[in-house]
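Residue numbers (this note's numbering), protein chains in the order written: chain A, 1427 to 1673; chain B, 165 to 481. For every residue, glycine included, the Cβ atom is placed at its ideal position computed from N, Cα and C. None of these values were measured; they are calculated from a predicted model.
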Amino acid sequence: MLKIINSEIYRLLRKKSMYVYFCSLAAGYFLVAFIRSGGFGPQSIVSDAFNFFNFLPVFAGGFLFSAIYTDDLSAKNLTLLVGFGTGKATIVLAKLILTALCGAAVFALAPLLLYVAHAALGWPAAAGTMATVCAVSLKYLLATLGYSALSGIAVYGLQRTTFAMVLYVLLALNVVSGLVTVLLVNVFGERLAQILTSCLLSGITDRILGGIISGGPIAPPAVEYVAYLAIAAAVSIAAFERKEMEF
Amino acid sequence: MAKTVMQTHNLSKNYGELLALNGVSLTLRQGDVYGLVGRNGAGKTTFFKCVMGLARPTAGAIEIGGGGIEIGGGGIEIGGGGISLSAARRKIGFMISPSFFPYLNPKESLEYLCRFKGIRVKGEIERLLALVGLDSVKKPFKAFSLGMKQRLGVAGALIGSPDIVVLDEPTNGLDPQGIIDMRAIIKNANTQTGTTFIVSSHILSELDLVATQFGFIEQGVLLTEISHADLHENTKETLTVEVNDSKKAHAALCRMGAECVIEDGRRLTLRSHLDRPHEIARALIDSGLELHGLHRQEATLEEYFIRMIGERDAKNN
């Protein structure tokens, strides 16, 4: 597994479009921050964190998902991995760990980017404020990892790049959770649906964030989150085992 | 006899109603360059897919390096010789439709493979790139021609000096020089490091120049396995003589000790005296015969293959 992660990090670091893409995102944020800087206050970095990090699962996570998962399909790299005798479970888990590592790097840089932008524009954030910003970033990191794990089922089960990418984007844009919520309300009524939607990935990450910010319990949503990843990984492995490698 | 490095036992693979492989029992011995010959859709790639674990056999068994055995159907994998089939597959390098990450250059592509396979041999990447003639290429894989992709694919298969190398159509898309180079690469690796190859190709004459053993596959059935020497015994050269009286010519040729067979009233085939056509001609003319033609003939690998398919079809009908 470590060899897969090592080789994958090696090739991701050589993907030049990744640097161009993330630098463009950062430059875009700097530009938007500069335009809006006249209205900045001490707490505007927190509202920026909520507003801008909300898009990171789509824009940053989407790129990472494409680089980590769907590049494998287009380069037929899964064939290479399996043909070398690597277990399919090992591949699925290695990819999940890799997504977590790359996601952690991106979502660690995001609060730093906000801090630098706000400091440069005359509003350096206090330590307590930055802790909130980091917690928001963590929520979206967890969401990104969850969406990747769920979309991974399509990667391994169907081995179709477009379908997997579309599924990821729909999850990251909360289209899927929106549709599920509507369905739950119609089937179970508002009250029960509210409880059930809190068990969706977006609901779980909200509860984790709430727990961190307000000091509430984190363990129950954290366990649910881990269960999400474990079930998604198990289904991915099962789908991968059943699906013959495409050429 | 060299030891067996890979064997399949009655390997079968179904895709719904289609029987892609039908009881293939193939034996690969150490040091062989095994040419797997078959038409499009004959089952060559499916066979490779099963061997590499990319497709699960419906029935039969695969044994690699005397190690793991995978029984098809239930997909049971039994460790044998101390290692599992997955571990045994790590001794195999393969190229089935070469594909690498589009943004990596040749050196980076092979470095990726080295890291993934845990190979830390200094200078291995440079050696392989020089071997396939890509040592000065810096452009990314997406800018490669088909021939360059094939070369890099072969380099990837040879990385880490595996015991067995599986190459599916390695000369596909190569220019004449590329085909010659590819043959040299296979021959060098085979003679210098003792690497065993199993190679499929549509260019049968090319395969004839490099393979030491052949397997002919058609509609998922391995028709026969034959050594290069035996194949050439079967496709041996003959001299065809065209005269006005084949019986009289037969008598004349037999007198000089030639092995010959009457084909029809005007044609004979000789299996000896192939290097002495001038003596044959003189004997025939001295016997008062009219010599209309004298030419050398050898069945090509293609002809042998077509004949075998024809015999199979006739048997089935």
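Close beta carbons around residue i, own chain, < 6 Å, minus the five adjacent residues each side
{"i": "residue 1374 of chain A", "result": "An answer regarding residue 1374 of chain A cannot be provided, because it is not within the stretch 1427 to 1673 covered by chain A."}
{"i": "residue 1482 of chain A", "result": "1566"}
{"i": "residue 429 of chain B", "result": "410"}
{"i": "residue 261 of chain B", "result": "none"}
{"i": "residue 377 of chain B", "result": "196, 198 and 391"}
{"i": "residue 422 of chain B", "result": "434, 436 and 437"}
{"i": "residue 1563 of chain A", "result": "1479, 1533, 1536 and 1537"}
Residue nearest to residue i in terms of C-alpha spacing, selected from the options
{"i": "residue 314 of chain B", "options": "B:445, B:329, B:263 and B:422", "result": "B:263"}
{"i": "residue 545 of chain B", "options": "A:1501, A:1554 and A:1507", "result": "Summary: the structure shown does not reach residue 545 of chain B, with chain B confined to residues 165 through 481, and so no result is reported for it."}
{"i": "residue 348 of chain B", "options": "B:260, B:409, B:300 and B:373", "result": "B:373"}
{"i": "residue 303 of chain B", "options": "B:451, B:271, B:311 and B:333", "result": "B:271"}
{"i": "residue 308 of chain B", "options": "B:252, B:199, B:341 and B:268", "result": "B:268"}
{"i": "residue 1458 of chain A", "options": "A:1467, A:1512 and A:1543", "result": "A:1543"}
{"i": "residue 200 of chain B", "options": "B:420, B:381 and B:466", "result": "B:381"}
{"i": "residue 387 of chain B", "options": "B:186, B:422, B:213 and B:273", "result": "B:186"}
{"i": "residue 1579 of chain A", "options": "A:1518, A:1547, A:1562 and A:1623", "result": "A:1518"}
{"i": "residue 1678 of chain A", "options": "A:1460, A:1611 and A:1428", "result": "The structure shown does not extend to residue 1678 of chain A, since chain A is modelled only from 1427 to 1673, so the question has no answer here."}
{"i": "residue 1625 of chain A", "options": "A:1452, A:1653 and A:1534", "result": "A:1653"}
{"i": "residue 325 of chain B", "options": "B:465, B:258 and B:473", "result": "B:258"}
{"i": "residue 1441 of chain A", "options": "A:1639, A:1497 and A:1476", "result": "A:1497"}
{"i": "residue 483 of chain B", "options": "B:300, B:360, B:370 and B:424", "result": "In the structure displayed, chain B extends from 165 to 481; residue 483 of chain B sits before or after that span and is not available."}
{"i": "residue 194 of chain B", "options": "B:310, B:416, B:476 and B:229", "result": "B:229"}
{"i": "residue 395 of chain B", "options": "B:466, B:295, B:275 and B:351", "result": "B:466"}
{"i": "residue 1475 of chain A", "options": "A:1592, A:1557, A:1663 and A:1595", "result": "A:1557"}
{"i": "residue 1569 of chain A", "options": "A:1448, A:1427, A:1550 and A:1650", "result": "A:1650"}
{"i": "residue 256 of chain B", "options": "B:389, B:362 and B:476", "result": "B:362"}
{"i": "residue 330 of chain B", "options": "B:359, B:296 and B:273", "result": "B:359"}
CB-CB length for residue i against residue j, believed under 8 Å
{"i": "residue 1583 of chain A", "j": "residue 1665 of chain A", "result": "3 Å"}
{"i": "residue 172 of chain B", "j": "residue 188 of chain B", "result": "6 Å"}
{"i": "residue 223 of chain B", "j": "residue 174 of chain B", "result": "7 Å"}
{"i": "residue 1527 of chain A", "j": "residue 1655 of chain A", "result": "Not a contact, Cβ separation roughly 14 Å."}
{"i": "residue 397 of chain B", "j": "residue 462 of chain B", "result": "With a Cβ gap of about 12 Å, residue 397 of chain B and residue 462 of chain B do not count as contacting."}
{"i": "residue 1430 of chain A", "j": "residue 1501 of chain A", "result": "With 8 Å as the limit, residue 1430 of chain A and residue 1501 of chain A do not qualify as a contact, their Cβ atoms being about 14 Å apart."}
{"i": "residue 1554 of chain A", "j": "residue 250 of chain B", "result": "Going by Cβ atoms, the distance from residue 1554 of chain A to residue 250 of chain B rounds to 52 Å, so no, they are not a contact pair."}
{"i": "residue 1597 of chain A", "j": "residue 1577 of chain A", "result": "6 Å"}
Amino acids of chain B, ordered along the chain, whose beta-carbon sits closer than 9 Å to that of residue i
{"i": "residue 1496 of chain A", "result": "By Cβ distance, chain B contributes nothing, its closest Cβ being about 12 Å from residue 1496 of chain A, past 9 Å."}
{"i": "residue 1513 of chain A", "result": "250"}
{"i": "residue 1671 of chain A", "result": "213, 216, 217, 218 and 219"}
{"i": "residue 1623 of chain A", "result": "Those within 9 Å of residue 1623 of chain A in chain B number zero; the least Cβ separation is about 39 Å."}
Proximal residues of chain B, C-beta to C-beta of residue i below 8 Å
{"i": "residue 1502 of chain A", "result": "261 and 263"}
{"i": "residue 1725 of chain A", "result": "The structure shown does not extend to residue 1725 of chain A, since chain A spans only 1427 to 1673, so no value can be given for it."}
{"i": "residue 1607 of chain A", "result": "Those do not exist, as residue 1607 of chain A stays about 39 Å from chain B at its closest Cβ, beyond 8 Å."}
Partners in chain A for residue i, counting only beta-carbon separations shorter than 8 Å
{"i": "residue 253 of chain B", "result": "1509, 1510 and 1511"}
{"i": "residue 308 of chain B", "result": "Ordered by position in chain A, no residue passes the 8 Å Cβ test against residue 308 of chain B, which lies about 13 Å from the chain."}
{"i": "residue 334 of chain B", "result": "Neighbours of residue 334 of chain B on chain A: none; closest Cβ ~16 Å, over 8 Å."}
Other residues of its chain near residue i: CB distance less than 7 Å, five sequence neighbours each side excluded
{"i": "residue 1647 of chain A", "result": "1630, 1633, 1634 and 1637"}
{"i": "residue 413 of chain B", "result": "405, 407, 432, 448 and 453"}
{"i": "residue 237 of chain B", "result": "Low local confidence applies: a pLDDT of 49 at residue 237 of chain B is under 50, so the model's placement there is unreliable, and no value is given."}
{"i": "residue 1407 of chain A", "result": "The requested residue 1407 of chain A does not occur in the structure, where chain A is confined to residues 1427 to 1673."}
{"i": "residue 240 of chain B", "result": "Since pLDDT at residue 240 of chain B reaches only 47, below the 50 mark, its modelled position is unreliable, and the value read off the structure follows with that caveat. No residues qualify anywhere along the chain."}
Proximal chain A residues relative to residue i, where beta-carbon distance stays under 9 Å
{"i": "residue 192 of chain B", "result": "Ordered by position in chain A, no residue passes the 9 Å Cβ test against residue 192 of chain B, which lies about 17 Å from the chain."}
Per-residue contacts from residue i into chain A (C-beta, under 7 Å)
{"i": "residue 268 of chain B", "result": "1437 and 1440"}
{"i": "residue 258 of chain B", "result": "1509"}
Close Cβ partners of residue i (< 8 Å) along its chain, the five nearest in sequence each way excluded
{"i": "residue 210 of chain B", "result": "177, 184, 185, 219 and 384"}
{"i": "residue 298 of chain B", "result": "270, 312, 315, 316 and 319"}
{"i": "residue 469 of chain B", "result": "201, 368 and 380"}
Proximity test, Cβ basis, 7 Å: residue i and chain E
{"i": "residue 310 of chain B", "result": "Note that chain E does not occur in the displayed structure, where the protein chains are A and B."}
Next on the checklist: Residues of the stretch 1429-1441 of chain A in Cβ contact with chain B at a cutoff of 8 Å, in chain order, please.
Outcome noted: Correct list: 1429, 1430, 1432, 1433, 1436, 1437, 1440 and 1441.
Item to check | Near-chain A residues of the stretch 271-299 of chain B - C-beta to any C-beta below 9 Å | outcome: So the close ones are 272, 273, 275, 276, 277, 278, 279, 280, 281 and 282.
Checklist entry - Listed in chain order, which residues of the stretch 418-444 of chain B have Cβ atoms closer than 8 Å to some Cβ of chain A? => result Answer set for the stretch 418-444 of chain B: empty.
Item to check | Residues, ordered as in the chain, of the stretch 1515-1527 of chain A that lie near chain B by beta-carbon distance below 9 Å | outcome: Those residues of the stretch 1515-1527 of chain A that come within reach of chain B (Cβ to Cβ, closer than 9 Å) do not exist; the list is empty.
Checklist entry - Any residues in the stretch 1578-1592 of chain A with a beta carbon nearer than 9 Å to a beta carbon of chain B? Which ones, in chain order? => result Of all residues in the stretch 1578-1592 of chain A, none has a Cβ within less than 9 Å of some Cβ in chain B.
Checklist entry - Which of the residues in the stretch 1630-1650 of chain A, read from start to end, lie with their CB under 8 Å from any CB of chain B? => result Listed in chain order, the positions of the stretch 1630-1650 of chain A with a beta carbon within less than 8 Å of a beta carbon of chain B would be empty, since no residue qualifies.
Checklist entry - Using a Cβ cut-off of 7 Å, which residues of the stretch 335-366 of chain B contact any Cβ in chain A, in chain order? => result Answer in chain order: no residues at all.
Next on the checklist: Tell me which residues of the stretch 1557-1571 of chain A have at least one Cβ-Cβ distance to chain B shorter than 9 Å, keeping chain order.
Outcome noted: Listed in sequence order: no entries.
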